[in-house]
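**Student:**
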Amino acid sequence: MMRPLSAVELLAVWEENWRQPPLWQGLALLAAACPDESGATLMEMPVGRFNQRLLTLYGWCFGPSFTAVTTCAACSELVEVTLDAPSLCAQGVEQPASWLELDCNDGAVRFRLPTLGDLIAAGEAATVLEASRMIMERCLENPADALASETLAAVTTAMENADPLALIELSGACPRCGQRWSAFLDAASFVWREVQTWAQRTLQEIHLLARAYGWREAEILELSPTRRQAYLQMIYG
Ligand SMILES: [Zn+2]
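In the working numbering, the protein residues as written are 8 to 244.
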């Protein structure tokens, strides 16, 4: 079971992991929020569930709606899209059994969904192509070399259909030039960016309140955000 993180816990995760790659940062957030589950269990989560949990945690920490930013390919305008974490997460389906089967020309192919562990392992690859090949190798019951490329493509599609939140595609039209755009949301990087911003703002607030009132860090973190903002307002006069 996942539970919300307190300000003290979130700050501790940030402090220990700010130098880590995004997937490890996402794993650290979930490890703190899911104390009953081992790191190994979390690594075996299908990627869609990893994204779903991260966005749920985001909603608990920072509110349900969030804004992702991308750049228009045609005119370089910054394009913002606002999303609702709970409705996005509702797209997730019940995770199927660990092995799935697809009937192809080559016969039945057995595979499992890519997990967080697979993504982390593929992070070692030099190119995107090599990374996707590595993930396929790990997820197929039998070596991928023997399979036709159409079969591999069909397996990839079946994986995406079975785990819709593994790839979160956002799309819209550029407000300046009207160009249609689409981009994939990198949930781990996105959530961590918000954690980073929150941590810097929180430390700044602690600094101001400690200097003004002589309170200790732990005391300031115990204040509700509303009360903390009220005191900050008084400092700014
Ligand atoms: Zn544009």
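Yeah, the Cβ is synthetic: ideal placement off N, Cα and C, and Gly gets one too.
Small disclaimer: the values here were computed from a predicted structure and weren't measured.
With respect to 7 Å, is the separation between the Cβ of residue 187 and the closest non-hydrogen atom of ligand 1 below this value?
**Tutor:** No; taking the cut-off as 7 Å, the Cβ of residue 187 has no heavy atom of ligand 1 nearer than that.
**Student:** Measure the alpha-carbon distance for residue 191 versus residue 244 and round it to whole angstroms.
**Tutor:** Roughly 43 Å separates the two Cα atoms.
**Student:** For residue 134, which three-state DSSP category applies?
**Tutor:** In this structure, residue 134 counts as coil in the three-state DSSP scheme.
**Student:** By how many angstroms is the C-alpha of residue 164 removed from the C-alpha of residue 135?
**Tutor:** About 17 Å.
**Student:** Is residue 115 near ligand 1 - that is, is its Cβ less than 7 Å away from at least one heavy atom of it?
**Tutor:** Checking the Cβ of residue 115 against ligand 1 gives no.
**Student:** By Cβ distance, which residues of its chain are closer than 7 Å to residue 170, with the 5 residues on each side in sequence left out?
**Tutor:** Around residue 170: 53, 54, 55 and 120.
**Student:** Thinking C-alpha only, which one of 209, 216 and 44 is nearest residue 17?
**Tutor:** Measuring from the Cα of residue 17, the nearest candidate turns out to be 209.
**Student:** Quick check: is any heavy atom of ligand 1 less than 7 Å from the C-beta of residue 87?
**Tutor:** False, no ligand heavy atom lies under 7 Å from that Cβ.
**Student:** Less than 7 Å between C-beta atoms, sequence neighbours within five positions excluded: which residues of the same chain meet that for residue 132?
**Tutor:** Here the set comprises 138 and 141.
**Student:** Can you check whether the CB of residue 196 is closer than 8 Å to the CB of residue 29?
**Tutor:** Taking 8 Å as the Cβ cut-off, residue 29 and residue 196 qualify as a contacting pair.
**Student:** According to DSSP, what are the bridge partners of residue 3?
**Tutor:** No answer is possible for residue 3: the residues shown for the chain start at 8 and end at 244.
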